[in-house]
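A short worksheet on the structure shown next.
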Amino acid sequence: MTQQLWAPWRLEYVQRPDDENACFLCLAGEGDDEERLVVRRGRGALVLLNKFPYASGHLLVAPSRHIGSFGELSDEEALEVHRLCSSGVRALAETFAPQGFNLGWNLGRVAGAGVVDHVHMHIDPRWAGDTNFMPVVAGVKVLPEHLVETRRKLAAAWP
Ligand SMILES: [Zn+2]
75 MTQQLWAPWR LEYVQRPDDE NACFLCLAGE GDDEERLVVR RGRGALVLLN KFPYASGHLL
135 VAPSRHIGSF GELSDEEALE VHRLCSSGVR ALAETFAPQG FNLGWNLGRV AGAGVVDHVH
195 MHIDPRWAGD TNFMPVVAGV KVLPEHLVET RRKLAAAWP
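Mapping of the sequence shown onto the working numbering: residues 75 to 233, in sequence order.
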């Protein structure tokens, strides 16, 4: 169980939207916040929790537009995605007090992207030795918080 929950970088590969043909990032753009784990909606971009997180609070930030090429981002989208990342880092700092963050784009299947036709940025909160640390402090071998509760906390802490 621990292995499955705490080494899940590649689990995104098996992530499948509810509708086999639908893009989960586009579905998040239309659906209910709680159901789709949307933390924040901007004008042309949105923030949601990764359903298969590396750690509590693993966020995805995507343009609302279904575009698969990083170079197709408009200036406004590029700016908004990064502004949302900035706010996301602050909300995570306030909520979970991580010791560091990884922010990045996985472009293309070989680079680790699970969804290749809708570009998105990852925000991963990090703790020293985090794959061992979190289960210890949580006292359990599963993610310490349910995703719905994590979503609620981060939305409430959004700057
Ligand atoms: Zn999409």
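Cβ atoms here follow ideal geometry from the backbone N, Cα and C, with glycine treated the same way. A quick note: this is a predicted structure, and the numbers were derived from the prediction, not measured.
In the DSSP annotation of this structure, the continuous segment of the beta strand (DSSP E) that includes A136 starts and ends at L133 to P137. Looking from the CA of D107, the closest CA among R117, V121 and C97 belongs to V121. Contact between L99 and H192 holds, since their C-beta atoms are separated by about 5 Å, short of 8 Å. Summarising the contact set, residues whose Cβ lies nearer than 6 Å to any heavy atom of ligand 1 are, in chain order, C97, L99, C100, H140 and H192. If only complete runs of 4 or more residues are kept, the stretch 97-170 shows the alpha helix (DSSP H) at 98-104, 107-110 and 149-170, in order along the chain.
Boundaries cannot be given for L181, as no alpha helix (DSSP H) includes it and DSSP labels it neither H nor E. In the three-state scheme derived from DSSP, where H, G and I count as helix and E and B as strand, D204 is classed as helix.
Between the C-alpha atoms of A229 and S130 there is a straight-line separation of about 14 Å. The count of Cβ pairs closer than 8 Å, one atom from the stretch 198-205 and one from the stretch 171-189, reaches three, so the stretches are in contact. By alpha-carbon distance to V190, the top candidate from N124, H220 and F144 is F144. In the DSSP assignment, no residue is bridged to P172.
For L221, the CB contacts under 8 Å within the same chain, skipping 5 residues up- and downstream, are L111, L123, K125 and P127 in chain order. Between A136 and A152, the gap from beta carbon to beta carbon reaches 8 Å or more. In chain order, V190 place their CB closer than 7 Å to the CB of G182, counting only its own chain and leaving out the 5 sequence neighbours on each side.
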